[in-house]
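What follows is a set of notes on a single structure, which appears directly below.
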Amino acid sequence: ALVHTKSARYSLFALILVLAFFVGFYFFGAKSYEDTLDGVHYKLSAFSFEDNVYVSIKLELEDSKESEKISKTIENTDTNTSENSNQNARLPDFSVQIFAIDNDNQIIEKKNFSKNDVKDLYLRTTFVNHDIIMIKAEVKSSEKQDSTIELSCKVGNEK
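Quick note: the sequence shown uses our numbering, first residue 307, plus one each step.
Pasting the structure below:
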């Protein structure tokens with residue numbers, strides 16, 4: 307009965323297209339826990355274990371022309387420095403504020419970080435679990451004014 311008339315076929319086809327669009331956007335659309343700023347891709351993750359919430363932000367240099375400009379700053383570093391400091395030298399200057407959010411959508415704790423806190427292209431911290439359900443992070447570029455990205459993720463449980 308769905309395809310007996312011409313208008314029913316068009317309606318079914320339109321319904322399938324709309325469904326495909328929403329499914330595609332759900333799987334391949336923008337995600338709130340990752341974004342790119344100044345040629346660096348940031349990915350936020352958090353999980354709860356025992357009485358702590360463990361938060362990490364993974365930083366990845368993009369393979370684009372913009373990151374090639376960033377990588378030229380490595381020439382200014384000393385050749386005797388470690389690999390970690392070489393990776394950090396390639397990162398643009400930035401600051402990060404990480405917020406712990408509770409059930410009432412209230413900020414219960416805030417921590418600040420900068421480029422100097424990066425170890426092996428990760429920013430890591432912990433919060434004491436006071437019913438934290440979400441972590442939000444605000445990354446600000448020090449090189450470009452008004453360049454800010456916001457990341458958020460729900461806290462996963464690892465028990």
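Don't be surprised by glycine CBs; every beta carbon is placed ideally from N, CA and C.
No experiment lies behind these values; they were computed from the predicted model shown.
Measure the CB-CB distance between V354 and Y339 and report whether it falls below 8 Å. By one-based count along the sequence shown, residue 354 stands at place 48. By one-based count along the sequence shown, residue 339 stands at place 33. Reading the sequence as shown, one finds Ser at residue 354 and not Val. Taking 8 Å as the Cβ cut-off, S354 and Y339 do not qualify as a contacting pair.
How about the segment 430–443 and the segment 405–416: do they share at least three Cβ pairs that are nearer than 8 Å? yes
When the Cα atoms are used, what is the spatial distance from A314 to Y332? Walking along the sequence shown from the start, residue 314 turns up at place 8. Walking along the sequence shown from the start, residue 332 turns up at place 26. Between A314 and Y332, the C-alpha separation is close to 27 Å.
With DSSP as the reference, identify every bridge partner of D341, one or two as the case may be. In the sequence shown, the residue the question calls residue 341 occupies position 35. According to DSSP, D341 bridges with Y348.
Rounding to the nearest angstrom, what Cα-Cα distance links L427 and H347 in this structure? Along the sequence shown, one-based indexing puts residue 427 at 121. Along the sequence shown, one-based indexing puts residue 347 at 41. When rounded, the distance between both Cα atoms is 11 Å.
Continuous alpha helix (DSSP H) stretch holding A443: start and end: As a working note, residue 443 is residue 137 in the sequence shown. A443 -> not in any alpha helix (DSSP H); beta strand (DSSP E) instead, spanning 438–447.
For I413, does the count of other Cβ atoms within 10 angstroms reach 16, so buried, or fall short, so exposed? For the purposes of this step, residue 413 is identified with residue 107 of the sequence shown, where counting begins at 1. So I413 ends up on the exposed side.
First and last residue of the alpha helix (DSSP H) that includes A326? Walking along the sequence shown from the start, residue 326 turns up at place 20. Taken as a continuous stretch (DSSP letters only), the alpha helix (DSSP H) holding A326 covers 312–334.
From which residue to which residue does the beta strand (DSSP E) around V359 run? Translated into positions along the sequence shown, residue 359 becomes position 53. Element bounds for V359: 358–367.
Verify whether the separation of the beta carbon atoms of R396 and L367 is less than 8 Å. What you label residue 396 is simply residue 90 of the sequence shown in a count that begins at 1. What you label residue 367 is simply residue 61 of the sequence shown in a count that begins at 1. Contact: yes.
In or out: T383 buried (at least 16 other Cβ within 10 Å) or exposed? Within the sequence shown, residue 383 is the residue found at index 77, counting from 1. Low confidence applies here, because T383 scores a pLDDT of 41, under 50, leaving its location unreliable and the question unanswered by this model.
What residues match up with V402 in a beta bridge as DSSP calls it? Taking the sequence shown and counting its residues from 1, the one referred to as residue 402 is at position 96. Per DSSP, F419, V445.
When the Cα of I363 is compared with those of A326, S401, G335, G330, which residue comes out closest? Counting from one through the sequence shown, the residue named residue 363 turns up at place 57. If we check each option's Cα against that of I363, S401 comes out closest.
Residue nearest to V461 in terms of C-alpha spacing, selected from K442, V324, E449, D410: Numbered from its first residue, the sequence shown carries residue 461 at position 155. Looking at the Cα atoms, K442 is the closest of the given residues.
Is the beta carbon of D399 less than 8 Å from the beta carbon of S453? The sequence position of residue 399 within the sequence shown is 93, counting from 1. The sequence position of residue 453 within the sequence shown is 147, counting from 1. Not a contact, by the Cβ cut-off of 8 Å.
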